[in-house]
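One structure is given here, and the rest of the page talks about it.
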Amino acid sequence: MNLSRRGLLGAGGLAGALAVAGASPATPAATAPDATARPGGAGAGSVRTGFDRLAADGYRRLSGQKVGVVTNPTGVTSDVRHIVDVMHADERVDLVAVFGPEHGFRGTAQAGGSEGRYDDPATGLPVYDTYLKSGGPLADVFTASGVDTVVFDIQDAGARFYTYVWTLYDCMEAAARAGKRFVVLDRPNPVTGRAALGPVLHREFATFVGREPIAQAHGMTVAELARLFNGEFLARPVRLETVTLSGWRRGDFFDATGLPWVPPSPNMPTPDTALVYAGTCLFEGTNLSEGRGTTRPFELLGAEGVDGRWAEAANALSLPGVRLREAYFAPTFSKFEGRTVGGVQLHVHDRETFDPVRTAIALLVTAARTWNGFAWRADHWIDKLTGSSSVRTMIDAGADTDEIAGAWQDELAAFRAVRRPYLLYR
């Protein structure tokens, strides 16, 4: 029986997809296991990025093409030169445009902002703004730029609601509309590419923090996501090529790669931030601070009136791989700016067993039970972050962590089956 995974991931949801785990993908894909690789990875310093491999091949894939690059400060070589500067100086590449995402090409804008349209002072190249553009308007940007090939090179953080994932999606869709070729230069998932975690987006909750039904912690690299998007979600697939990593295995955390960490956004300062982000970003949907305006965003959580009972209740659950410390802090911007709040700091002591999504659900449950001031954001932003109303309504109804996590297991198993043929690494 020949069933389409694309159809199973559509408006009807993921429930039937497990039955077709072995079906052929819509685009050719090398298969790879969906299980944890051996701890420790392939060895520090052995990873080469997609750009490293593209350059080592003399930019052969870009020969004869007018090229535009979608990138930000993370698009760097192993010796921290920006790839735009490197390619602009190389006569083998006809680089004619740069496209900046949220926070901008050079990374000067805060969350929810971008740099707009300008000419880059360092290279003189025109920089076009992609943030919050999609469909026809973004296709028009690609057309106006005069490029033949759009190259994507941005470091992801491994979470569905990190907007660069959907910049990738929107740019692929727009490139297909504009008749442009699309090349993805791969970078590691900093929190490994092991089994996906958390709830799967329901299409009626789609926004720029989640356009299609993927898991909250997707466990994929950007090249793998591009293949998935092209094969399952895009009505008009783009002419896609991917340049893979070498030396990276699915069990590798970022510190095993030997690559330099450049903050992908102002509130993602370290790989430790990325480790917890796929879970604790959910606190954006509450009246508690998610740690923006501190030196440990997404590791510090709190609000005025919260005391040590929260950390005590959370630690009583013996959550794998993490301990919660009673903490007090004063954010310099965002929620509770300049005011001292109480809460917790996450201390991950065993990242192999730590589950960021389940941990965050436990923290939401215990926060609601130990602090009578707990509230959701009035716009129910939590539903956009989790991908449905289920987490919010179950917590409001008094459900515990296991009940809430149990509610998404079928759709998560289905997503894992769908993603499998698009994985590139073991």
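According to my numbering, the sequence shown holds residues -14 to 411 in order. Don't be surprised by glycine CBs; every beta carbon is placed ideally from N, CA and C.
S375 carries a helical assignment under DSSP once its states are collapsed to helix, strand and coil. Setting aside the 5 residues that flank it on each side, S250 is surrounded in the same chain by H88, each with a C-beta closer than 6 Å to its C-beta; the list follows chain order. Under the 8 Å Cβ criterion, the stretch 45 to 64 counts as touching the stretch 130 to 145, having at least three qualifying pairs. The stretch 105 to 118 makes contact with the stretch 72 to 90, as at least three CB pairs between them are under 8 Å. Cβ neighbours of E289 within its own chain (closer than 6 Å, five residues either side excluded): V326. Residue nearest to A74 within the set L110, P184 and D395 is L110 (criterion: CA-CA distance). DSSP, reduced to helix, strand and coil, places L409 outside both helices and strands of the structure shown, so it counts as coil. Beyond the five residues adjoining it in sequence on each side, L397 comes within less than 8 Å, by CB distance, of A181, L182, G183, P184, V185 and A200 in the same chain, given in chain order. Under the DSSP definition of a beta bridge, R166 partners with T134 and R224. Counting along the chain, the unbroken beta strand (DSSP E) around V112 starts and ends at P111 to D114. By the Cβ criterion, the stretch 202 to 212 is in contact with the stretch 404 to 411, since at least three pairs of Cβ atoms, one from each stretch, lie closer than 8 Å. When secondary structure is reduced to three states using DSSP, T128 falls in the helix class.
Here Y147 carries a coil assignment [DSSP, helix/strand/coil]. In the pairwise beta carbon analysis, the stretch 150 to 161 is classified as not touching the stretch 315 to 329: fewer than three pairs are separated by under 8 Å.
In this structure, I346 keeps its C-beta atom at 9 Å or more from the C-beta atom of T378. Membership of T344 in the alpha helix (DSSP H) is indicated by the continuous run P341 to T355. Taking 9 Å as the cut-off, the Cβ atoms of S375 and A360 do not count as close. T371 counts as buried, since at least 16 other C-beta atoms from the protein chains shown sit within 10 angstroms of its C-beta. The beta carbon of T134 sits closer than 7 Å to the beta carbons of L47, Q50, V52, K165, R166 and V168 from its chain, once the five residues preceding and following it are set aside; these are given in chain order. Here the alpha carbon of A363 sits roughly 35 Å from the alpha carbon of D335. Put simply, the backbone Cα of F146 is about 19 Å away from that of N215. Excluding five sequence positions before and after N252, the CB atoms of its chain that fall closer than 6 Å to its own CB belong to R277 and P282, given in chain order. For secondary structure counted as the alpha helix (DSSP H) over 4 or more consecutive residues, the stretch 50 to 108 holds these complete runs in sequence order: 68 to 73. In the DSSP secondary-structure assignment, A200 is bridged to V185. Looking at the backbone, the Cα of E337 and that of G306 are separated by about 7 Å. When E197, L170, F190 and G358 are compared, the shortest CA-CA separation from V54 is found for L170.
Assignment of V326 by DSSP, reduced to helix, strand and coil, places it in the strand class.
Per DSSP, the unbroken beta strand (DSSP E) holding L309 starts and ends at V307 to F314. When the alpha-carbon of A312 is set against those of P341, L225 and E275, the nearest one is in E275. Annotated as distal: A82 and A124, with beta-carbon spacing of 9 Å or more. In this structure, the straight-line span from the alpha carbon of F127 to that of G120 is close to 11 Å. Going by C-alpha positions, G35 is about 5 Å away from V228. Counting only the Cα atoms, W295 lies some 8 Å from W356. In the three-state reduction of the DSSP assignment, G35 falls in the helix class.
Taken atom to atom, the span from the alpha-carbon of E76 to that of D42 is near 14 Å.
Annotation note: the stretch 211 to 281 contains the following uninterrupted beta strand (DSSP E) runs of length 3 or greater, listed N- to C-terminal: 224 to 228.
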